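Engineer: Order-wise, the sequence lines are chains A, B and C.
Just so you know, numbering that gives the first Met the number 0 puts the end of the first sequence at 364, numbered straight through with nothing missing.
Just so you know, numbering that gives the first Met the number 0 puts the end of the second sequence at 364, numbered straight through with nothing missing.
Just so you know, numbering that gives the first Met the number 0 puts the end of the third sequence at 364, numbered straight through with nothing missing.
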Amino acid sequence: MLQTTPRAPRARNQAMADHRTPLIRNCWYVAALSDEVDRNLLERRLLDTSVVMYRTQAGAPVILNNRCAHRSFPLSRGYLNGDEVVCGYHGMAYAASGQCVGMPALPNAPSNACVASYPVIERKPFIWVWMGDREKALPELVPDTHWLDHAQWRTISGGFNFHSNYVAMHENLLDQTHFSILHAKTGIGTPAYVRSDLDVRAEGDRVIILRALKNSPPPPVYAVPMKLEGRNVDRFSDARFESPAIHIAHAKIVNLEPREDEALEYRVNITHAFTPETQNTLHYWWFNSRDFHHTDAEIDRYVLDSHYAAYQEDVDALTWIQQLLDREPGAVEELSFAPDRPGILCRRTLLRLSQLEHGIPVQTQ
Amino acid sequence: MLQTTPRAPRARNQAMADHRTPLIRNCWYVAALSDEVDRNLLERRLLDTSVVMYRTQAGAPVILNNRCAHRSFPLSRGYLNGDEVVCGYHGMAYAASGQCVGMPALPNAPSNACVASYPVIERKPFIWVWMGDREKALPELVPDTHWLDHAQWRTISGGFNFHSNYVAMHENLLDQTHFSILHAKTGIGTPAYVRSDLDVRAEGDRVIILRALKNSPPPPVYAVPMKLEGRNVDRFSDARFESPAIHIAHAKIVNLEPREDEALEYRVNITHAFTPETQNTLHYWWFNSRDFHHTDAEIDRYVLDSHYAAYQEDVDALTWIQQLLDREPGAVEELSFAPDRPGILCRRTLLRLSQLEHGIPVQTQ
Amino acid sequence: MLQTTPRAPRARNQAMADHRTPLIRNCWYVAALSDEVDRNLLERRLLDTSVVMYRTQAGAPVILNNRCAHRSFPLSRGYLNGDEVVCGYHGMAYAASGQCVGMPALPNAPSNACVASYPVIERKPFIWVWMGDREKALPELVPDTHWLDHAQWRTISGGFNFHSNYVAMHENLLDQTHFSILHAKTGIGTPAYVRSDLDVRAEGDRVIILRALKNSPPPPVYAVPMKLEGRNVDRFSDARFESPAIHIAHAKIVNLEPREDEALEYRVNITHAFTPETQNTLHYWWFNSRDFHHTDAEIDRYVLDSHYAAYQEDVDALTWIQQLLDREPGAVEELSFAPDRPGILCRRTLLRLSQLEHGIPVQTQ
């Protein structure tokens, strides 16, 4: 069990990010899934900015600020002409670079006209975008999610758009003490698992929690797809706050008494990508990847149904919280406890990144 | 007729409460009707604060702030465990006192964790709540409404939730000059009644208007249920601004020529309880209590229908006014006249109480 | 073609009106069409002020501020008594002058009670209102639209209420470079027309653009109703920013080879009247008046359908722009080019008029 200090909870009003903290732009965020973007113009709000997305004829994804520099017409209401997006009002044409390359009413394209073109990197199934300082948009900062596009893994996925600030979502994903309450019906986490030792590590801007539980029955969300119901396994898992944009969890189940044709180990990666739509609304995509029983449609269906049910519980909880906070007039005081440490570490990092980016002096504690 | 000073109406911009005046919290308000609160969790917004209501196993009503002290989950989305309300996110349990008494993830309940538990007094059919300074919540300040729970009285009631600040509702109830206009169709008040002498008294924080009208036909809302149509009566009535939370009116009709089996006097008490939901929305409950013809279902139906019709006219009027005021950018100037004196006395009291409570210097006039 | 300076577009951030510029009140605006106002009370929001409109028994249109001076009840929810509007709450009666002339609860009407009565002038089909300084409301400032009520002209009309600031609408009407893009489907403007010489004139607070195109085929919107398809004509047209409230365009088509029974000239006047409902919503009425084929129902239908289709494209465009601007947190930078000169002249005038009226020092450039 976690080491807690009875009757001496942590101090109130810790300096950590909450739903009012300015959004962080210097980060690679998922703008869209690869298969959402094609030769049509797609409008989406990201970090409270309206953008238009499309692919060039060669297939490269493009993300531009959606507001025409001339008279603010939304480019997403215009049309594509080759690799250029053409404004539907006066025909001002922009290259994928955001540079204006044509204006029917002028003899030459105005060289000073442009819209922001955001750095984009596609790593299937994601189209990543960088909406902060361009010189900081290093490709090596794109989080590794290679298992989502690898034949060794079978991935089931879904998504939500809902009413919540993104900070609460990060904390939710680093928090394992809500499993037995919020997810009582959907049965994530077993009592033994919740009581198992938790190792919390902060590595730079990352927060990692690790857990090991030996010789214990797995919960249905693992036991059913692995076909290990009623048997004991060793279970090793971690959950990682990778960046403001993504959270990744890994689970390794060791088959203690493998039968014929059974694997010795089973792995599951769960990827949570989410991007603030506005300060208090969120685009969210989840992915359950397994390295076993790749072609079993029944397992696919089980994973899809069980995960949607559990994540809906999180989405509902965070929405209800946000609705309550929306109507709170002033600052909101939260009380934190020892098991909240992973979330607090994450929220301190988010606050520090936001303050650095917005030129607010960072408080050290 | 009222004494008025022709061509010299009262000065403009009197210092009195209006829809922008901060709400008064140091007062017993009706939180709910007794039969609304049971062993389920009921969420309601009162004085712009979200609360959760329930009953203990022993039947005592409990009203807590709805925001869990830990991560702001609305407790009304959790569940009851005995007399404790359990947060649906992490299982934090609160006693009826608001004190946290359990947190599954901690070895001991954190002693400093609590939510506000508001003083509650039940006097059927009301559950009263005090959301201001706790030390001022004296039980003797609960308004007397004993007739609402007494066998001598037969009560018909109804309710509305509507878009209006509560100040306008108080003024409406002290104002008898709108009867012949706004309620022209529903026939509250007779011309003779409106012209009868009006006595206005301010007693401390109360405002009382009294009226007597002798040897005159009663309006249908009295004549029909009393079965005195076509006959003259003496009529004595008062209307009282009792507190920011309640307005009570009494009527005594004297039967001038009682026939066999008829009563000598008929009494009607009308109780208006209302609680600001937000600055500009209102919970409203009305009660018509009579001390005659207790078991006559036809009279019940007549009272219900006629009152709902008349109160709907008030609710509509106040809603239309509030909608207009909502879009007025600055302060709104109102012109007042001699017959507005009861309402003005009430509104001055409400302003004074609000200023006292919010630490604003009270202007004397 | 327009003289443009390639690669040297006009400077950014020109001082000109945009969607945040305070509305101009010292102007005659269309409050309603004549046939909208009768012996019923009509509520409408004009320049972000709620007004009530009706006609006296003699037929004169009256426009009053809709908020009763007493308790802010909307007069439009009351009723007419002869030429007076009576408040539905306490019966306060106002003459067409706005002067209170009766209050049932008072022995005499309070002489200091009144609501604003706005100067009104009816010139069919318009009821014009002046909501600014009364002494500036000179009748000679009412724009001339005599053709809308003259037997020589046949007028087809329609209207919209939509989500846009009015400045963008003025600029749209002075802008002919969007024809071939936004109206590509509806076919307003021919390529030759768009390339023809444009003369821009600023005359006091007016902006006029003139165009002449000789010996060229007219676009369908002219050719079809004039029955000149497939023939060349001379075409003279202008478009005028007359005031913040109205834009008027004239076209004269010269029949180069008139056949038997054909006219030598065809004229079309297009009148656009629009009044801000709020800062960012608009009442808009359009009128197409022709001096030929007066009684041809097929032409009527063609004009109605083709104009509604084209104006819907403008209304959609301006709505989309406004929706984007609504969510922009700060000032919005627009880039302007040589062909925007008419719109810029108009927007400079609108900014100057607004600054003069609101006491803001006018910047000279």
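For glycine and all other residues, C-beta sits at the position ideal for the given N, C-alpha and C.
It should be emphasised that the depicted structure is a prediction, and the values quoted were computed from it without experimental measurement.
For chain C, find out if any of its Cβ atoms is closer than 9 Å to the Cβ of D47 (chain A); answer yes or no.
Structural biologist: Yes, D47 (chain A) lies at the interface with chain C (some Cβ there is under 9 Å from its Cβ).
Engineer: Would you mind working out which of B:T20, B:N268, B:L46, B:V29 sits nearest E327 (chain A), comparing C-alpha positions?
Structural biologist: Residue B:L46 is the option with its Cα nearest to E327 (chain A).
Engineer: Considering Y192 (chain C), what are the terminal residues of the alpha helix (DSSP H) in which it resides?
Structural biologist: Its alpha helix (DSSP H) spans residues 190-194.
Engineer: Any chance you could list the beta strand (DSSP E) runs of at least 3 consecutive residues sitting entirely within the segment 285-353 of chain C, in chain order?
Structural biologist: None, since the segment 285-353 of chain C contains no complete beta strand (DSSP E) of that length.
Engineer: What residue range is occupied by the uninterrupted beta strand (DSSP E) comprising S163 (chain A)?
Structural biologist: From DSSP, S163 (chain A) is part of no beta strand (DSSP E); its letter is neither H nor E.
Engineer: Applying a beta-carbon distance threshold of less than 8 Å, which residues of chain A neighbour S96 (chain B)?
Structural biologist: Within 8 Å Cβ-Cβ: nothing; S96 (chain B) doesn't reach chain A, min ~17 Å.
Engineer: Starting from I126 (chain B), follow its DSSP beta bridges and name the residues at the other end.
Structural biologist: Beta-bridge pairing links I126 (chain B) to B:A31, B:E121.
Engineer: Who are the near neighbours of A136 (chain B) in its chain, counting only those whose CB is closer than 8 Å to its CB and skipping five residues on each side?
Structural biologist: Excluding positions up to five away in sequence, the list reads W27, P118, W129.
Engineer: Is P216 (chain C) closer than 9 Å to I187 (chain C) when the C-beta atoms are compared?
Structural biologist: It is not a contact, given that the beta carbons lie outside the stated cut-off.
Engineer: Could you work out which residues of chain A lie near F336 (chain C), taking near to mean beta carbons separated by less than 8 Å?
Structural biologist: Per Cβ cutoff of 8 Å: H69, M102, A104, L105, P109.
Engineer: Might you give, ordered along the chain, the residues of its own chain that have their beta carbon closer than 7 Å to the beta carbon of G81 (chain A), omitting 5 neighbours on each side?
Structural biologist: Excluding sequence neighbours, G81 (chain A) sits near Q56.
Engineer: Distance check for V267 (chain A) and I207 (chain A), CA to CA, integer angstroms please.
Structural biologist: So the alpha carbons of these two residues sit roughly 17 Å apart.
Engineer: Note down the Cα distance separating D34 (chain B) from P124 (chain B), rounded to an integer number of angstroms.
Structural biologist: Using only the alpha carbons, I get a separation of about 8 Å.
Engineer: If the cut-off is 9 Å on Cβ atoms, which residues from the segment 144-164 of chain C count as contacting chain A, listed in chain order?
Structural biologist: Result list empty, no residue passes.
Engineer: Where V114 (chain B) and G101 (chain B) are concerned, what is the direct C-alpha to C-alpha distance, given to the nearest angstrom?
Structural biologist: Distance between the alpha carbons of V114 (chain B) and G101 (chain B) is about 13 Å.
Engineer: Counting only C-beta atoms, is V314 (chain C) closer than 9 Å to chain D at any point?
Structural biologist: Among the protein chains of the structure shown, namely A, B and C, there is no chain D.
Engineer: May I ask which residues mark the beginning and end of the alpha helix (DSSP H) holding M376 (chain C)?
Structural biologist: Residue 376 (chain C) falls outside the range modelled here, since chain C spans only 0 to 364, and no answer is possible.
Engineer: Listing by chain order, which chain C residues have their CB less than 7 Å from the CB of V331 (chain B)?
Structural biologist: S71, listed in chain order.
Engineer: Taking the beta carbon of R351 (chain C) as the centre, do at least 16 other beta carbons fall within 10 Å, making it buried, or is it exposed?
Structural biologist: Buried is the call here.
Engineer: Rounded to whole angstroms, what's the CA-CA distance from A92 (chain A) to Y53 (chain A)? Just pull it up for me.
Structural biologist: Rounded to the nearest angstrom, the two C-alpha atoms are 14 Å apart.
Engineer: My output table needs one value for N80 (chain C): the three-state DSSP class, helix, strand or coil.
Structural biologist: It is a strand residue.
Engineer: Is there at least one Cβ from chain C nearer than 9 Å to A112 (chain A)'s Cβ?
Structural biologist: Yes, A112 (chain A) lies at the interface with chain C (some Cβ there is under 9 Å from its Cβ).
Engineer: Which same chain residues end up closer than 6 Å to S96 (chain B) when comparing Cβ atoms and leaving out the 5 residues on each side of it in sequence?
Structural biologist: The answer, listed in chain order, is S116.
Engineer: What residues from the segment 176-191 of chain B come within 8 Å of chain C, judged by C-beta to C-beta, listed N to C?
Structural biologist: Cβ contacts with chain C: T176, H177, S179, I180, L181.
Engineer: Is the shortest distance between the beta-carbon of N65 (chain C) and the beta-carbons of chain B less than 9 Å?
Structural biologist: Cβ-Cβ to chain B under 9 Å: yes for N65 (chain C).
Engineer: Does the beta carbon of L324 (chain B) come closer than 9 Å to any beta carbon on chain C?
Structural biologist: Output row for L324 (chain B): interface = yes.
Engineer: Please report the residue range of the alpha helix (DSSP H) in which S179 (chain A) lies.
Structural biologist: Start and end: 178-181.
Engineer: Taking Cβ-Cβ distances shorter than 9 Å, what residues in chain B pair up with R76 (chain C)?
Structural biologist: D315, A316, W319, listed in chain order.
Engineer: So which of A:V141, A:L317, A:Y78, A:W284 has the shortest CA-CA distance to R76 (chain B)?
Structural biologist: The residue with the shortest Cα to Cα distance from R76 (chain B) is A:L317.
Engineer: Nearest chain C C-beta to V128 (chain A) closer than 9 Å, yes or no?
Structural biologist: For V128 (chain A), the answer is no, since every Cβ of chain C falls outside 9 Å of its Cβ.
Engineer: Assuming L63 (chain C) contacts Y165 (chain C) (C-beta within less than 8 Å), just tell me the rounded distance between them.
Structural biologist: Between Y165 (chain C) and L63 (chain C) the Cβ distance is about 23 Å, and since that is not below 8 Å, they are no contact.
Engineer: Report all residues from its chain with a CB closer than 7 Å to the CB of T20 (chain C); omit the five preceding and five following residues, and keep chain order.
Structural biologist: Correct list, in chain order: V166, L349, L350, S353.
Engineer: Using DSSP with H/G/I as helix, E/B as strand and the rest coil, what is Y88 (chain A)?
Structural biologist: Coil at Y88 (chain A), not helix or strand.
Engineer: With distances taken from CA atoms, which of A:Y265, A:V331, A:F235 is nearest D367 (chain A)?
Structural biologist: With chain A represented from 0 up to 364, any question about residue 367 (chain A) goes unanswered, as that position is not in the structure.
Engineer: Closer than 8 Å by beta-carbon distance: list the chain A residues that pair up with G87 (chain B), in chain order.
Structural biologist: Result: I180, L181, A316.
Engineer: Taking 9 Å as the cut-off, decide whether the C-beta atoms of A112 (chain B) and A68 (chain B) are in contact.
Structural biologist: Yes.
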